[in-house]
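Read the structure below first, then the notes.
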Ligand code: HEC
Ligand code: HEC
Ligand code: HEC
Ligand code: HEC
Ligand code: HEC
Ligand code: HEC
Ligand code: HEC
Ligand code: HEC
Ligand code: HEC
Ligand code: HEC
Ligand code: HEC
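Residue numbers (the numbering used here): 5 to 428.
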């Protein structure tokens, strides 16, 4: 290190602070700072003429908590914290590649994490967070000198910490809202997964990363994204494997696998970020309209039945809802012998709630539609007959009343003329 450099180092330290700020405290701090850095420089002069090698040599100055650059910006590094971090074994200039002496070069090269983590960096390319200025590695990994392995609870990307890390931007007033995206964090935290993670500390509950990935996050409109509609069963199924198998064996799963994206996937019935416990009344009340949002005809016929009327009475939730008869995941058409609504299985299906249900009981039609001649011929003709009967009866009495009125009027006029004749 040259005389001139040391001169610059000291002149930087000796920069007087404005008189107004000069209290005994600031004087003491300035004196302490000068002493620390002077000691640092002295140590350097003794050990490493010209070049700074070890962390300790950089920390001789940078461990000082009051060290600032010319703009008053702190340039302190907590050596203990850094030493414990995942990069603690590295020399400072493994990252700060062109800082090898003091004074530092005028153009300090920005740290390039890609140098050692090419996979993560290339994952970000093409992702929704590809804009490196808005989304540097540190926007998710936190302070560059305090990075820990992802399995360490101090890491920003430890499973229990991920929702907060992503939520910093995807919350109520985060920057994602300024990009026109919905606020996700609060609904996630209230969902079954958020609750399991934050209240029970359940590491295997789904966090943002489980469904979205970490670096190569894509929009749900991209067919390669795990959140693209057709891929959602697989994404949820990576944990809910049995349900995924049932679902894939059912009419909806088969339809989606066959490319019919009008059929529902997990999130159509459960949502993505506001997933409720399905045994909760709130979910059971909501689900009939969910099935009905696609099967509108079946919903309206269901609404005509006793089961539905009962459900509408002040939140009574124990009545039969769509999935009590159809199942929730392995839903099959009535023509499939494995279906709970196949004629041979109805006694068992209805019998779950109706003790002693027999063949005649299950003749009852949960979707009776009197307007559909092909589906319900008996009901259709009964309705037709009843309507004709009603119309016939009404017509008969209408004519009857009319004739009655005419007759009454005729009698009245006849009586009046008879009385007139008498008086004349
Ligand atoms: C003699 C004390 C001293 C030593 C030794 C020292 N620094 Fe600095 N460093 C400073 C001061 C003072 C600043 C504030 C701005 C300036 O002078 O460049 C600074 C600034 C920095 C900055 C911020 C630069 C910027 O413009 O953002 C980095 C990074 C840095 N030092 C890294 C290191 C590394 C790495 C080492 C060891 C190889 C090291 N420093 C050794 C005193 C020192
Ligand atoms: C894993 C890489 C890495 C290592 C190792 C590392 N740093 Fe840094 N450091 C960074 C990053 C990233 C920044 C943020 C600024 C940037 O992007 O260049 C930074 C910023 C700084 C700054 C500027 C402070 C600020 O808030 O702007 C100083 C000073 C600094 N480092 C000193 C050190 C010292 C001293 C060591 C060794 C004890 C060290 N760094 C080790 C990555 C590293
Ligand atoms: C959008 C947030 C985000 C950004 C930006 C981000 N990471 Fe990550 N990173 C994560 C998450 C989340 C994990 C945890 C992954 C897991 O649990 O499997 C992770 C894990 C890692 C890991 C551990 C190995 C692995 O893949 O599981 C490394 C290394 C890493 N990131 C480096 C980087 C680097 C380097 C950058 C910048 C080029 C970066 N990350 C940018 C969120 C991010
Ligand atoms: C000089 C090479 C080097 C540089 C530069 C570097 N790292 Fe690392 N990083 C490593 C090594 C080696 C490990 C430990 C081995 C591993 O797990 O990958 C590591 C580990 C990590 C981990 C933890 C991985 C895990 O297992 O969970 C993260 C996160 C990480 N680095 C992020 C960053 C970020 C962000 C930067 C830029 C500020 C950066 N690294 C710069 C070499 C480097
Ligand atoms: C630094 C703030 C920030 C952090 C941290 C962040 N994001 Fe983002 N995210 C954004 C912004 C801004 C966009 C919008 C990008 C655009 O449209 O240009 C976005 C976009 C997204 C999208 C795409 C939305 C769509 O369909 O277009 C998803 C999904 C997403 N982020 C998930 C995550 C996850 C998961 C994490 C945590 C691992 C995370 N984000 C961390 C700011 C952030
Ligand atoms: C259980 C899986 C799952 C979890 C956990 C999850 N997401 Fe999502 N996310 C999805 C799916 C699926 C979509 C696609 C859109 C949809 O179906 O609503 C999505 C969409 C998004 C979008 C785009 C919204 C838009 O307006 O286009 C963002 C942003 C997002 N998620 C961020 C997050 C963040 C942040 C977290 C953690 C707090 C998180 N997600 C947790 C599955 C999940
Ligand atoms: C990383 C694994 C994981 C992924 C991915 C995942 N879940 Fe879960 N999920 C869990 C765990 C663990 C629980 C249990 C929480 C509890 O009981 O406290 C759970 C609970 C549930 C529950 C509540 C019912 C119950 O048995 O407790 C529903 C509903 C649910 N998840 C739906 C989904 C849907 C839909 C998706 C995809 C959009 C999904 N999950 C993705 C792990 C996951
Ligand atoms: C057509 C709507 C629908 C679809 C699609 C759907 N579910 Fe469900 N799910 C339900 C209903 C309704 C219940 C409640 C069943 C009950 O209470 O008997 C439920 C219950 C659950 C439960 C709680 C455990 C249980 O069996 O009661 C989990 C976990 C779950 N679903 C996950 C998933 C996953 C993962 C997918 C995608 C592979 C999925 N669901 C697809 C409607 C659906
Ligand atoms: C997002 C729209 C949607 C939702 C929500 C939905 N379905 Fe479906 N459902 C479909 C489509 C589309 C098919 C036809 C699949 C095919 O072509 O085989 C279908 C098929 C069926 C079938 C088989 C009958 C047939 O015509 O093949 C039954 C039974 C059924 N759904 C019941 C339900 C029940 C019960 C729920 C609620 C738990 C529900 N559906 C929710 C769209 C939906
Ligand atoms: C009390 C039991 C029960 C309830 C509740 C019920 N269903 Fe049904 N559903 C059946 C039976 C039995 C059949 C077969 C006979 C028929 O078509 O009427 C059927 C037929 C269907 C079919 C046509 C299946 C095929 O193979 O063609 C669909 C779609 C359907 N139901 C949807 C729904 C929806 C949506 C709801 C809720 C709004 C619902 N069901 C409520 C018992 C029920
Ligand atoms: C989840 C339970 C459940 C299932 C499954 C169920 N029901 Fe019901 N049902 C009820 C309840 C509760 C009532 C009202 C209380 C009562 O009268 O028993 C009711 C009432 C009825 C009634 C009118 C009152 C009566 O008892 O005569 C008929 C008819 C009926 N159900 C037929 C059926 C048929 C047919 C099936 C099978 C296709 C079926 N239910 C499946 C719960 C269920």
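Glycine is no exception: its CB is placed at the ideal position from the N, C-alpha and C atoms.
Alpha-carbon to alpha-carbon, residue j and residue i
i	j	result
residue 355	residue 325	15 Å
residue 148	residue 82	11 Å
residue 260	residue 392	46 Å
residue 279	residue 292	16 Å
residue 370	residue 307	10 Å
residue 385	residue 368	17 Å
residue 345	residue 404	50 Å
residue 252	residue 362	32 Å
residue 155	residue 114	28 Å
residue 313	residue 284	20 Å
residue 92	residue 72	23 Å
residue 412	residue 380	47 Å
residue 231	residue 302	29 Å
residue 248	residue 241	5 Å
residue 107	residue 61	13 Å
residue 132	residue 304	42 Å
residue 164	residue 282	24 Å
residue 330	residue 271	19 Å
residue 117	residue 104	18 Å
residue 375	residue 225	40 Å
residue 201	residue 298	33 Å
residue 343	residue 328	12 Å
residue 186	residue 238	24 Å
residue 263	residue 322	36 Å
residue 191	residue 309	35 Å
residue 64	residue 217	40 Å
residue 341	residue 348	8 Å
residue 357	residue 145	53 Å
Bridge partners - residue i, DSSP secondary structure assignment
i	result
residue 416	DSSP output for residue 416 lists no bridge partner at all.
residue 72	78
Residue i burial status per 10 Å Cβ neighbour count (16 or more: buried)
i	result
residue 417	exposed
residue 397	exposed
residue 111	exposed
residue 195	buried
residue 70	exposed
residue 414	exposed
residue 236	buried
residue 333	buried
residue 229	buried
residue 171	buried
residue 2	This structure does not reach residue 2, given that the chain is present from 5 up to 428, and the question cannot be answered.
residue 400	exposed
residue 90	exposed
residue 254	buried
residue 350	buried
residue 353	buried
residue 79	exposed
residue 286	exposed
residue 410	exposed
residue 336	buried
residue 315	buried
residue 425	exposed
Beta-carbon spacing of residue i, residue j below 7 Å
i	j	result
residue 152	residue 143	no
residue 277	residue 188	yes
residue 267	residue 256	yes
residue 59	residue 96	yes
residue 246	residue 269	no
residue 128	residue 134	yes
residue 85	residue 150	yes
7 Å Cβ cutoff, residue i in contact with chain D
i	result
residue 179	Of the chains in the structure shown, none is chain D; there is only one protein chain.
* Three or more C-beta pairs below 8 Å linking the segment 200 to 209 and the segment 293 to 304 -> no
* At least 3 beta-carbon pairs within less than 8 Å: the segment 214 to 221 vs the segment 172 to 180 -> no
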